[in-house]
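Number of protein chains: 2
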Amino acid sequence: MTIMGDEIRQIPGVVQEQLDATGAALEAVAEAVRRARPRWVSIVARGTSDHAAIYARYLIETQLGWPVGLASPSVTTIYHAPTDWSDGLVLAVSQSGRSPDLTAVVEAARRGGALTVAVTNVAGSPLELAAAHTVACRAGEERAVAATKSYVAELAALAGIVAALVPDSDLAAALPRVPAVLGRTLEAASAWFAGAGHGRGLELVEAVAVAGRALVVSRGFNLATALETALKMKETGRIFAEGYSSADLEHGPIALASAGFPTVVFRPDGPMGAAIDPAAAKARARGASPWIIGGVEVAGAPDALAIDALAELPECLTPLALILPGQLLAEAVAVRLGLSPDAPSGLSKVTLTR
Amino acid sequence: MTIMGDEIRQIPGVVQEQLDATGAALEAVAEAVRRARPRWVSIVARGTSDHAAIYARYLIETQLGWPVGLASPSVTTIYHAPTDWSDGLVLAVSQSGRSPDLTAVVEAARRGGALTVAVTNVAGSPLELAAAHTVACRAGEERAVAATKSYVAELAALAGIVAALVPDSDLAAALPRVPAVLGRTLEAASAWFAGAGHGRGLELVEAVAVAGRALVVSRGFNLATALETALKMKETGRIFAEGYSSADLEHGPIALASAGFPTVVFRPDGPMGAAIDPAAAKARARGASPWIIGGVEVAGAPDALAIDALAELPECLTPLALILPGQLLAEAVAVRLGLSPDAPSGLSKVTLTR
Numbered sequence: 001m002t003i004m005g006d007e008i009r010q011i012p013g014v015v016q017e018q019l020d021a022t023g024a025a026l027e028a029v030a031e032a033v034r035r036a037r038p039r040w041v042s043i044v045a046r047g048t049s050d051h052a053a054i055y056a057r058y059l060i061e062t063q064l065g066w067p068v069g070l071a072s073p074s075v076t077t078i079y080h081a082p083t084d085w086s087d088g089l090v091l092a093v094s095q096s097g098r099s100p101d102l103t104a105v106v107e108a109a110r111r112g113g114a115l116t117v118a119v120t121n122v123a124g125s126p127l128e129l130a131a132a133h134t135v136a137c138r139a140g141e142e143r144a145v146a147a148t149k150s151y152v153a154e155l156a157a158l159a160g161i162v163a164a165l166v167p168d169s170d171l172a173a174a175l176p177r178v179p180a181v182l183g184r185t186l187e188a189a190s191a192w193f194a195g196a197g198h199g200r201g202l203e204l205v206e207a208v209a210v211a212g213r214a215l216v217v218s219r220g221f222n223l224a225t226a227l228e229t230a231l232k233m234k235e236t237g238r239i240f241a242e243g244y245s246s247a248d249l250e251h252g253p254i255a256l257a258s259a260g261f262p263t264v265v266f267r268p269d270g271p272m273g274a275a276i277d278p279a280a281a282k283a284r285a286r287g288a289s290p291w292i293i294g295g296v297e298v299a300g301a302p303d304a305l306a307i308d309a310l311a312e313l314p315e316c317l318t319p320l321a322l323i324l325p326g327q328l329l330a331e332a333v334a335v336r337l338g339l340s341p342d343a344p345s346g347l348s349k350v351t352l353t354r
Numbered sequence: 001m002t003i004m005g006d007e008i009r010q011i012p013g014v015v016q017e018q019l020d021a022t023g024a025a026l027e028a029v030a031e032a033v034r035r036a037r038p039r040w041v042s043i044v045a046r047g048t049s050d051h052a053a054i055y056a057r058y059l060i061e062t063q064l065g066w067p068v069g070l071a072s073p074s075v076t077t078i079y080h081a082p083t084d085w086s087d088g089l090v091l092a093v094s095q096s097g098r099s100p101d102l103t104a105v106v107e108a109a110r111r112g113g114a115l116t117v118a119v120t121n122v123a124g125s126p127l128e129l130a131a132a133h134t135v136a137c138r139a140g141e142e143r144a145v146a147a148t149k150s151y152v153a154e155l156a157a158l159a160g161i162v163a164a165l166v167p168d169s170d171l172a173a174a175l176p177r178v179p180a181v182l183g184r185t186l187e188a189a190s191a192w193f194a195g196a197g198h199g200r201g202l203e204l205v206e207a208v209a210v211a212g213r214a215l216v217v218s219r220g221f222n223l224a225t226a227l228e229t230a231l232k233m234k235e236t237g238r239i240f241a242e243g244y245s246s247a248d249l250e251h252g253p254i255a256l257a258s259a260g261f262p263t264v265v266f267r268p269d270g271p272m273g274a275a276i277d278p279a280a281a282k283a284r285a286r287g288a289s290p291w292i293i294g295g296v297e298v299a300g301a302p303d304a305l306a307i308d309a310l311a312e313l314p315e316c317l318t319p320l321a322l323i324l325p326g327q328l329l330a331e332a333v334a335v336r337l338g339l340s341p342d343a344p345s346g347l348s349k350v351t352l353t354r
């Protein structure tokens, strides 16, 4: 077992522990947000955490109706923009809390009067010290360079913040069900990649490893899942994988789809799944054979992993589960290629950009 | 000459015509924005126009200090979010003005009380009818499927809107110099790709065509240039090219850099150029030989195209010029591969997503 594989399998327990331990911290943050009454939200993050930020953007816009932007740190650190922070909420998301550019944005925002909240996994980091409030991810030490359990813990913490602000929502009601769904998702995905059912999970691993490239597609909440799966494949298997919104794919990059281009589609059940289907159909018409990873609606489709347990979550929580097959895919491709997913060449756990 | 190549060469004239003709429209939009006093900005766009939106985000945040988000239409069209639009400015950017999802967002925003402005190239489009104000790009009919002149015209129109709001800025002062700089940039880049100087432009075309893939890197204002160059290569040459912020590249995807991976870096002069250099150095350390396209500071560097004329523009206007070598590169790669850049397989000029 790789360290990465071990850490993926810790995820249901990590989320359960976080749910058990962070109630008071989430309530304090929610109370501060209610008092501050922010008019807009800016989220600052990099790499894997940037995908958690994209998830949070959809979550805040759909659940709270507040406009959200993803901050580019260079606007502050290099261009020294005259930002008016006064009625903003600035969320910083980082596993290590150590990248200087993220800390600089939070410091500027706090000085400028914004409410600042850090979501981070390492206690006592510069980012945590800079922010007015912190929500701890509680994923434990992450030893693999490729972030897996800390990513899902970030999603859970961000969902927890929003749920505390809309306590009567489907989101808040479903959060306690997440750990069990993650456990069942891991079982289903592990079996699929081990060759169970139609065994197409094994074929997907082989196709990506041989092609050295992949398209990963979704839309809405699970755009984060597509982008993060593509990044994991880059980091651990040196696969040239790119994640796309199915709508953006149709505006140009669909030109790449072909028989030689493995395509993975994350398709939640419901209206968003139906909106994603045309892009998958176009890819199929161009000779690609997309693999579909989704919920009960894809059961029986060829080359599909249908995860029954997703039916227990509203779509806005499915990214916490759907990333698990994405992470297992990246790990399996790396192992198949004889690479160590735990220590990818040239990467370090903490990246310090300015 | 391809249609795409012809349209690229029209760009200096297109921008000059727009500058000559849109003064009154820009002043009207600026006056409406001043009256509305927006507290936040949301930009909605897809494909090539989404890269113009990314440029506008940096421009508005650095010149005006207002927070900007890039809207995901699905938040409105599929998730039916309870957005409070009341003190927002919503900018929609689209060549055709015909994608239903963009129009739906503008309609919802206008109904909700936001100030809505369309930047579009085709008069009388649904998007123009939906928005309260329009700035016409005046690029003329674009016949090639791959957008080139309409992209630069969108950048110029967006820069024009911001310049009208900060008339005493370097930005406003430099705008009239843009057409001449674009003309000189085209000359320098055309000569480079034709084998002049060290002839490395020709080698870059060959390297990308043979590898079938590329990394394209920049940061800040020219992140848009990197993303748009990568998209052009995908569309016209079916090259698996991905654009990256140099900072994000260091947070994982640098794992891909190697001798077999052509890397193009757009490097403006000044502090941002210096901030981009470490990523190029890391790529070089991994065996990649990055080609650098920039201003006077890269003169004399190996594998570099140094465009003297860029010295006449503040960095915030260099994306209008630096995209020209990117577009010429994509066209040259397609021609080298025997593909028609004017009618890429499977793409149409107008894409209707919902």
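Protein chains in written order, with our numbering: chain A, 1 to 354; chain B, 1 to 354.
For each residue, glycine too, the CB sits at the ideal point set by N, CA and C.
Predicted model only: the values in this text are computed from it and were never measured.
With H, G and I counted as helix, E and B as strand and the rest as coil, what does DSSP make of residue i?
i      : result
S348/A : coil
S289/A : coil
A132/B : coil
G326/A : helix
G294/B : strand
L305/A : strand
W85/A  : coil
L368/B : Residue 368/B lies beyond the residue range present for chain B, which begins at 1 and ends at 354; the question has no answer from this structure.
L339/A : coil
L313/B : coil
A214/A : strand
A92/B  : strand
S49/A  : helix
D168/A : coil
T318/A : helix
G300/A : coil
A355/B : Lying before the first or after the last residue shown, residue 355/B is absent from chain B, which here runs from 1 to 354.
Starting from residue i, follow the alpha helix (DSSP H) in both directions and report where the run begins and ends.
i      : result
G13/B  : 11 to 21
Y151/A : 149 to 165
W66/B  : Run containing W66/B: none; DSSP gives neither H nor E here.
R200/A : 200 to 211
A144/B : Counting along the chain, A144/B falls outside any alpha helix (DSSP H), and DSSP gives it neither H nor E.
S74/A  : 73 to 77
A230/B : 223 to 237
Starting from residue i, trace the beta strand (DSSP E) in both directions and tell me its first and last residue.
i      : result
Y244/A : 240 to 245
R267/A : 263 to 267
A194/B : First-last for A194/B: undefined, no H or E at that position.
S358/A : Lying before the first or after the last residue shown, residue 358/A is absent from chain A, which here runs from 1 to 354.
A118/B : 115 to 120
Check whether the Cβ atoms of residue i and residue j sit closer than 8 Å, and answer yes or no.
i      : j      : result
G294/B : A306/B : yes
V119/B : V135/B : yes
M1/A   : T148/A : no
H353/A : E312/B : It is worth fixing the name first, because residue 353/A is Thr in this sequence and not His. No, these two residues do not count as a Cβ contact at 8 Å.
V208/B : P262/B : yes
R46/B  : D342/A : no
G112/B : V41/B  : no
V90/B  : T62/B  : no
V264/A : A280/A : no
I323/B : V152/B : yes
Handout entry: Cβ contact check for the stretch 75 to 88 of chain A and the stretch 95 to 111 of chain B: 3 or more pairs under 8 Å
Key = no
Exercise for the section: Report yes or no: do three or more beta-carbon pairs, one from the stretch 218 to 226 of chain A and one from the stretch 233 to 249 of chain B, lie closer than 8 Å? Expected result: no
Handout entry: contact_flag[the stretch 220 to 237 of chain B, the stretch 299 to 306 of chain B] where n(CB pairs < 8 Å) is 3 or more
Key = no
Handout entry: Cβ contact (3+ pairs, closer than 8 Å) linking the stretch 323 to 334 of chain A and the stretch 59 to 71 of chain A
Key = no
Practice task
Indicate whether the contact test is met: 3 or more Cβ pairs, each with one atom in the stretch 163 to 175 of chain B and one in the stretch 309 to 317 of chain B, closer than 8 Å.
Solution key: yes
Problem - Meets three-Cβ-pair contact criterion under 8 Å: the stretch 48 to 56 of chain B and the stretch 154 to 163 of chain B - result: yes
Practice task
For the stretch 11 to 29 of chain A and the stretch 128 to 147 of chain A, state whether three or more C-beta atom pairs, one from each stretch, are separated by less than 8 Å.
Solution key: yes
Problem - Three CB pairs or more closer than 8 Å across the stretch 96 to 116 of chain B and the stretch 335 to 350 of chain A - result: no
Handout entry: Segment contact, 8 Å Cβ cut-off, at least three pairs: the stretch 9 to 16 of chain A with the stretch 172 to 186 of chain A
Key = yes
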